[in-house]
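Protein chains in written order, with the numbering used here: chain A, 15 to 257; chain B, 15 to 257. Backbone N, C-alpha and C fix where the C-beta goes; we use that ideal spot for every residue, glycine too. A quick write-up on the structure given underneath.
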DNA sequence: TCCGAAAGGCCGGTCACCATACCTTTGGCT
DNA sequence: AGCCAAAGGTATGGTGACCGGCCTTTCGGA
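Structure (structure tokens):
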């Protein structure tokens with residue numbers, strides 16, 4: 015019994031964590047290309063980390079081509095206009111401590127990641143559909159759907175994640191959002207290992223639309239069913255490719 | 015959009031975190047009175063913390079009456095036979111950094127905690143019921159149920175949590191367990207603020223039995239429905255007492 | 001009776017991280 | 001033209017946490 019509770023307190027050092035966190039907000043589409051991050055001083059407070067550490071992280075991500083910093087008034091830290099796909103030269107920095115990161119994952123780990131993702135996203139979509147959404151939220155959901163629908167292959171993963179994350183935000187339970195984000199980050203790591211097929215994208219787009227329609231109409235059961243189908247598709251893909 | 019992802023990296027210092035983690039495993043019944051914790055050296059590795067820090071945490075919990083250490087061969091750190099109810103003198107240590115901890119919580123925070131709890135536990139119970147459980151797991155579930163059923167008032171919260179946590183473990187997704195544990199810890203903090211009525215305990219016991227029966231029979235939908243009802247009961251209690 | 005293994009108890013050096021303060025660049029406003 | 005605010009860039013001292021080693025206590029077994 016007393017096993018899973020005695021898990022590690024913190025993952026790696028503060029610098030590492032900060033890099034990953036920033037990378038996550040970019041990869042999940044929470045901030046898009048050209049967007050400005052909060053100022054270093056504010057970000058440092060928000061992340062609960064010293065400005066030194068934050069600056070090291072920003073600097074690493076700038077070297078890797080994800081961020082650019084501009085000085086002076088109305089300066090700041092911005093997301094690069096066209097993002098690198100596979101973090102060039104960042105893994106040397108990132109994996110310095112935990113060695114076996116890029117290796118092949120075990121079937122158990124894959125099933126675990128998919129199960130957690132399903133629990134969280136199905137729960138979130140049910141809550142979102144059961145709520146009476148204000149106009150602004152309906153708008154946000156709609157535009158997230160549209161952006162992901164017309165996305166090119168290189169942007170697809172990011173905008174897809176952004177849509178799912180938006181749904182999680184609409185659930186009305188703020189602390190659910192980071193959990194969904196982490197689960198999705200974990201699944202995305204797996205998805206990065208397999209090819210992205212145009213046919214699958216088209217299929218996903220259809221499912222996305224059905225999910226969003228059901229949420230906006232307040233049909234919770236249908237929204238959950240549609241999401242279940244959607245997630246099953248990804249799960250089948252993953253378990254198929256990664257034996 | 016880019017709000018909830020820029021959350022703090024780590025909560026308080028390592029010592030703090032370690033105290034809370036150990037307290038969690040005790041409070042949730044993962045280790046019971048008289049049980050022995052792993053050796054300091056092993057625990058320090060498992061928690062990803064230095065032995066110094068771990069020892070400070072153990073020492074604090076020993077002062078507060080939760081743990082006792084015995085030296086020598088076959089010694090170790092043990093959970094006290096009768097646990098303190100409300101951590102005497104531990105809050106002076108614990109809340110030194112984050113000041114406003116024991117204050118009244120806002121309705122939004124209550125709803126948030128309950129929503130996350132529901133998402134996780136409903137998802138877990140569905141997975142558990144959908145699996146073909148090995149004999150050993152069926153046995154563990156059964157004994158967790160029996161222990162919680164015959165529990166006195168002072169032990170009830172702990173053994174109740176233990177049962178729920180056992181269900182989460184049976185879901186077959188290891189990384190779901192810490193999430194459920196955290197959600198439950200958060201709800202328990204709220205429950206500590208309201209009285210515990212014998213009538214509610216009896217009612218919960220009935221619901222527990224129905225949940226466990228449904229899981230063991232593999233009737234997923236009924237298990238979820240029973241759990242939903244169970245959680246609704248707690249939610250009603252909480253929102254009633256804490257205006 | 002003695003010994004050794006396994007556990008808790010105890011330093012001293014080192015480094016990552018933090019807090020604070022100050023400097024430099026930039027661009028709008030007066 | 002000049003000033004000022006807001007941002008990034010830099011430097012320095014303080015400290016909490018980690019590491020590694022060592023000591024002390026206790027018990028079972030040779």
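For residue 84/A, no alpha helix (DSSP H) encloses it; the enclosing beta strand (DSSP E) starts and ends at 81-84. In this chain, the beta strand (DSSP E) harbouring residue 93/B covers 90-93. Around residue 188/A, the beta-carbon contacts reaching into chain B at under 7 Å are 18 and 126.
One Cα belongs to residue 256/B, the other to residue 201/B, and the distance between them is close to 12 Å. Closer than 9 Å to the CB of residue 28/A there is at least one CB belonging to chain B. The C-alpha of residue 241/A lies about 48 Å from the C-alpha of residue 76/B. Looking at 194/B, 229/B and 165/B, the one whose alpha-carbon comes closest to that of residue 190/A is 194/B. Residues of the stretch 186-218 of chain A that bring their beta carbon within less than 8 Å of a beta carbon in chain B comprise 186, 187, 188, 189, 190, 191, 192, 193 and 195, in sequence order.
Counting only Cβ-Cβ distances below 7 Å, residue 22/A has contacts in chain B at 61 and 62, in chain order. Here residue 223/B really is in contact with residue 159/B; their C-beta atoms are around 7 Å apart, less than 8 Å.
Residue 35/B belongs to the set of residues whose beta carbon lies under 9 Å from a beta carbon in chain A. Residue 242/A is outside the set of residues whose beta carbon lies under 9 Å from a beta carbon in chain B.
Leaving aside the five residues that flank residue 25/A on each side, the residues in its chain whose CB is nearer than 7 Å to its CB run, in chain order, 31. Proximity of chain A to residue 141/B at the Cβ level (cut-off 9 Å) is accounted for by 129, 132 and 133, in chain order.
The beta-carbon of residue 183/B is placed less than 9 Å from the nearest beta-carbon of chain A. Residue 212/B has its alpha-carbon roughly 42 Å from the corresponding atom of residue 123/A.
Distance between residue 121/B and residue 196/B, taken at the CA atoms: about 19 Å. If you ignore the 5 residues before and after residue 175/A, its C-beta comes within less than 8 Å of the C-beta of 41, 42, 43, 198 and 202, all in its own chain and listed in chain order. The beta carbons of residue 229/B and residue 142/B sit closer together than 9 Å.
It is roughly 12 Å from the alpha-carbon of residue 81/A to the alpha-carbon of residue 39/A. Put simply, the stretch 167-182 of chain B does not touch the stretch 164-183 of chain A. Fewer than three CB pairs are less than 8 Å apart. Burial is judged here by how many other beta carbons sit within 10 angstroms of a residue's own beta carbon; residue 245/B has at least 16 and is buried. Across the structure, residue 22/A and residue 59/B are spaced so that their CA atoms are roughly 8 Å apart. Secondary structure note for residue 157/A: its alpha helix (DSSP H) is the uninterrupted segment 149-163. Shortest Cα-Cα distance from residue 208/B to any of 249/B, 236/B and 134/B involves 249/B.
Cβ-Cβ distances below 7 Å link residue 225/B to 139, 237, 240, 241 and 244 in the same chain, with the five nearest sequence neighbours on each side left out; the list follows chain order.
Closest in C-alpha terms to residue 18/B, from the list 157/A, 19/A, 233/A and 45/A, comes 45/A. In the DSSP secondary-structure assignment, residue 50/B is bridged to 92/B. Residue nearest to residue 210/B within the set 70/B, 134/B and 251/B is 251/B (criterion: CA-CA distance). For the pair residue 145/B and residue 87/B, the Cα-to-Cα distance works out to about 42 Å. The alpha carbon of residue 232/A has as its nearest neighbour, out of 254/A, 204/A and 184/A, the alpha carbon of 184/A.
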